[in-house]
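Just so you know, the sequence shown maps onto residues 2 to 480 in my numbering. Glycine is no exception: its CB is placed at the ideal position from the N, C-alpha and C atoms. Owing to the predicted nature of the structure, the values given are computational and were not obtained by experimental measurement. The structure appears right after this line, and notes come after that.
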Amino acid sequence: MRRFFCSIQKKASMWKLCFVFALLLGFISLQEAGATHIRAGEITGVRTGFLSYQFTIRIYTDNSSSADSPQLTINFGDNTTSVAPRVNRFDIGNNTSVNVYQVNHTYAAPGSYRVFFVEENRNAGVLNMDNSVLTPFSVETFVFINSAVGLNDTPILTVDPIDLACVGNRFKHNPGAFDPDGDSLSFKLVIPFQSGTQPVNNYRDPNNPAFNGETEDGLPPGIFSIDPLNGELIWDSPGTAGEYNIAFIVEEWRNGIRIGFVKRDMQIIVNDCPNRRPRLVVPNVCVVANEDPNEDTNIINEIIRATDPDIPLQNLVISSDQDQGVYNPAFFNTTATFTFTPSPQTSPAEATFRWDTRCEHVREQPYLVVFKAEDDPIEQNNTALVDIQTMVITVKGPPPVNLAATPQGRATDLSWDDYRLQCPGFSPAQFDAMEIVIWRREGCNAMIACEQDPAMLGLRPLVRWELKKPPSGTMAPFR
Numbered sequence: 002m003r004r005f006f007c008s009i010q011k012k013a014s015m016w017k018l019c020f021v022f023a024l025l026l027g028f029i030s031l032q033e034a035g036a037t038h039i040r041a042g043e044i045t046g047v048r049t050g051f052l053s054y055q056f057t058i059r060i061y062t063d064n065s066s067s068a069d070s071p072q073l074t075i076n077f078g079d080n081t082t083s084v085a086p087r088v089n090r091f092d093i094g095n096n097t098s099v100n101v102y103q104v105n106h107t108y109a110a111p112g113s114y115r116v117f118f119v120e121e122n123r124n125a126g127v128l129n130m131d132n133s134v135l136t137p138f139s140v141e142t143f144v145f146i147n148s149a150v151g152l153n154d155t156p157i158l159t160v161d162p163i164d165l166a167c168v169g170n171r172f173k174h175n176p177g178a179f180d181p182d183g184d185s186l187s188f189k190l191v192i193p194f195q196s197g198t199q200p201v202n203n204y205r206d207p208n209n210p211a212f213n214g215e216t217e218d219g220l221p222p223g224i225f226s227i228d229p230l231n232g233e234l235i236w237d238s239p240g241t242a243g244e245y246n247i248a249f250i251v252e253e254w255r256n257g258i259r260i261g262f263v264k265r266d267m268q269i270i271v272n273d274c275p276n277r278r279p280r281l282v283v284p285n286v287c288v289v290a291n292e293d294p295n296e297d298t299n300i301i302n303e304i305i306r307a308t309d310p311d312i313p314l315q316n317l318v319i320s321s322d323q324d325q326g327v328y329n330p331a332f333f334n335t336t337a338t339f340t341f342t343p344s345p346q347t348s349p350a351e352a353t354f355r356w357d358t359r360c361e362h363v364r365e366q367p368y369l370v371v372f373k374a375e376d377d378p379i380e381q382n383n384t385a386l387v388d389i390q391t392m393v394i395t396v397k398g399p400p401p402v403n404l405a406a407t408p409q410g411r412a413t414d415l416s417w418d419d420y421r422l423q424c425p426g427f428s429p430a431q432f433d434a435m436e437i438v439i440w441r442r443e444g445c446n447a448m449i450a451c452e453q454d455p456a457m458l459g460l461r462p463l464v465r466w467e468l469k470k471p472p473s474g475t476m477a478p479f480r
C-alpha cells in the first residue's frame, strides 16, 4: 500500500512538473510572439561637415505587437558605436508605425564606412527564411568620404513599404529614391541580413517554386525582379499566402564611381483574397527648362489615370508621396504639385501632376516620381490592392540663344550669348558641374527632339565646354 502511495506521489509530482514546464513554454512563446514586430527598415545619412554625418534610422513596426524599442545601437563602421534615441513615431496605416531614430557622428579620417545596426524582434512566421522569430534584423548604409568626390548625402527613400499583396495579383513597390546631390542611382536585389556580415538562414526569393508562384496571367514561373534604373520592384505573382521578407540596395554613382548605397529590408504580407488590383497609366516626360515667364513649353502638365477591373466599380484613390524630391521645398525653389479631387473617385479616376521646370532643375540624372492607385473593396474583410507606376522626367537645359556660325577659312567660329545670363537659376554647384556639348552632323536635318539622344542618332560630340570656365565677355568662340 505504501509502495502504491509513493508511486502515485511520484506521478503527481511529475504531472505538476510537466504542467509547470508547459506553462513556462507557453509563456516564453507568448513573449516571443509579443516581442516580434519589425517589418522593415533603412538607414540614411546627411553630411553635416567634411567628416561628420547625421544618420537617420527608420524602423517599420507591427502595431499589434507589445514590443517597443525606444533606442537603437548603431555601428559606424570605424569600430565605434553609439545609442540612437527615437525622435518620432507615427502610424502610417495597414497596422504599421514608423519609428525614427537619429544620431550624429564625426569620423577621424576620410575613408569608406559601412554603417549598420542589429535589432532583435524580426517578425515571426516569415516563410522565405528559417526561424525568423529568432533571426535578428539588420540593415546598413555605405558612406564614402573623399575630398576628390566632394560632399555627399546618401539617397533618400520617400515611399513607405506598407502595401499588401493578394495571391494571384502582381505586387509592386518603389522606394521613391531621390538623391539630393543629383547623383546617378541604380537598384539591386540583395539577401536580407541578420548581422553586419551574416545573411539570414536559408533565404529564398518569393518566386521560389516552393511558394507555388506563377504570373498574374497564369504562366509559370513567377517573376521577382527590380528595375535597375527606376527602382520598380515587381513580384508577379504571389502563390502562397503568408509573410515574406526581401531586401534591395539603392546605389549612388558619381563620375562612374560608386560612392554609397542604402539598403532597405522590407516585409511583403500576402493575403488570400478575391480582389483584383487597379491599373495606373503614367507617361514618361522630357522637358526643356527655361526662366522666361512668357514661355510655357517648360511646364509639365500631365493627367494620371487609373481604372479598376472589378464589378461593381470600386472607389479609387490616386496618390503621390509628397516627401519625394520634386515636391520638397527643401531641395527646390519651384516645386511640383499633385492634385486629386474629389477623393475618392469611382473608376475611372484622374489626377493632375504639374511642374514649372526652371534651370535649377536641370541635371543629367532623370527624376523619378512614384504614383499609386489604391482601390476600396466593397466586400468586408477584403484586402485593398494598389498599382504603382513611376514617371521618369528628364529636364534638359535650354539651348543657347543668338547662336551664330562665322566661317573662318576651313574652320567655323561659333558664338552665343553668355549662358550664365540665360540661366540665372543655376546654383553655384550646378554651374560648376554643367557643360555644353556641341554635336556635329552633316546636312540640314530636322531638330532633335527632347527625348532623343544625339549619340543614338549617330552624331558625335565635337567639343565640350564647361560652364565653370566661361570666356571673357558675352560671346563664346569655338573653332
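In terms of alpha-carbon separation, which member of the options lies closest to residue i?
{"i": "I247", "options": "A406, F225, Q423, T395", "result": "F225"}
{"i": "L253", "options": "Y245, G232, G240", "result": "Checking the sequence, you will find Glu at residue 253 rather than Leu. Comparing Cα positions, the closest option is G232."}
{"i": "R441", "options": "F432, L458, G426, A434", "result": "L458"}
{"i": "P343", "options": "A290, R123, I319", "result": "I319"}
{"i": "G183", "options": "F332, L314, K373, W356", "result": "F332"}
{"i": "G214", "options": "R421, A242, C360", "result": "A242"}
{"i": "F117", "options": "S196, A110, F432, P330", "result": "S196"}
{"i": "T107", "options": "S133, V144, N132, V134", "result": "V144"}
{"i": "Q431", "options": "K397, N403, D311", "result": "K397"}
{"i": "A405", "options": "S53, N209, V251, D418", "result": "D418"}
{"i": "W236", "options": "R59, L165, Q55", "result": "L165"}
{"i": "V402", "options": "C424, R359, G410", "result": "C424"}
{"i": "N202", "options": "S133, N299, N95", "result": "S133"}
{"i": "S113", "options": "P294, I258, R306, Q346", "result": "I258"}
{"i": "N383", "options": "K373, P275, G240", "result": "P275"}
If you draw a straight line from the C-alpha of residue i to the C-alpha of residue j, how long is it?
{"i": "L26", "j": "Q323", "result": "The predicted model places L26 with a pLDDT of 42, which falls under 50 and marks its position as unreliable, so this point remains unresolved."}
{"i": "T82", "j": "S187", "result": "29 Å"}
{"i": "L369", "j": "C451", "result": "17 Å"}
{"i": "S65", "j": "E303", "result": "40 Å"}
{"i": "T338", "j": "V327", "result": "9 Å"}
{"i": "T481", "j": "T413", "result": "The chain is shown only over 2 to 480; residue 481 falls outside these bounds and no answer can be derived."}
{"i": "P399", "j": "N147", "result": "33 Å"}
{"i": "A149", "j": "P162", "result": "35 Å"}
{"i": "N316", "j": "A385", "result": "11 Å"}
{"i": "A125", "j": "Y245", "result": "10 Å"}
{"i": "G219", "j": "D376", "result": "22 Å"}
{"i": "F427", "j": "G78", "result": "36 Å"}
{"i": "S416", "j": "G50", "result": "41 Å"}
{"i": "N329", "j": "I270", "result": "30 Å"}
{"i": "P200", "j": "F212", "result": "21 Å"}
{"i": "D357", "j": "P367", "result": "16 Å"}
{"i": "R421", "j": "V289", "result": "16 Å"}
{"i": "R411", "j": "V438", "result": "21 Å"}
{"i": "T155", "j": "T395", "result": "21 Å"}
{"i": "T340", "j": "E292", "result": "24 Å"}
Excluding the 5 residues flanking residue i on each side, which residues of the same chain have their C-beta closer than 7 Å to its C-beta?
{"i": "E120", "result": "I39, S70, L73, P137, F138"}
{"i": "T308", "result": "P279, R280, S348, P349"}
{"i": "V371", "result": "V160, N175, G177, S321, D322, Q325, I389, T391"}
{"i": "S98", "result": "T62, N64, R90, F91, D92"}
{"i": "Y204", "result": "N129, M130, I192, P193"}
{"i": "P455", "result": "W440, I449"}
{"i": "N334", "result": "E361"}
{"i": "D228", "result": "F188"}
{"i": "T216", "result": "G223, I224, D237, S238"}
Could you give the DSSP three-state label for residue i: helix, strand or coil?
{"i": "R421", "result": "helix"}
{"i": "M435", "result": "coil"}
{"i": "H362", "result": "helix"}
{"i": "V327", "result": "helix"}
{"i": "L152", "result": "coil"}
{"i": "F212", "result": "helix"}
{"i": "P86", "result": "strand"}
{"i": "V289", "result": "strand"}
{"i": "M392", "result": "strand"}
{"i": "V134", "result": "helix"}
{"i": "L458", "result": "helix"}
{"i": "P176", "result": "coil"}
{"i": "A385", "result": "coil"}
{"i": "P429", "result": "helix"}
{"i": "T81", "result": "coil"}
{"i": "Y54", "result": "strand"}
{"i": "P200", "result": "strand"}
{"i": "V168", "result": "coil"}
{"i": "I449", "result": "coil"}
Quick one: what's got a C-beta closer than 8 Å to residue i's C-beta in the same chain, skipping five residues either side?
{"i": "P86", "result": "P71, Q72, Y102, Q103, V104"}
{"i": "R461", "result": "W440, R441"}
{"i": "D266", "result": "A41, G42, E43, F138, S139, V140, P193, F194, N246, I247, A248"}
{"i": "A109", "result": "L52, D79"}
Say whether the segment 165 to 172 touches the segment 279 to 293, bearing in mind that this needs 3 or more beta-carbon pairs closer than 8 Å, one atom from each stretch.
Below 8 Å, too few C-beta pairs join the segment 165 to 172 and the segment 279 to 293 to call them touching: fewer than three.
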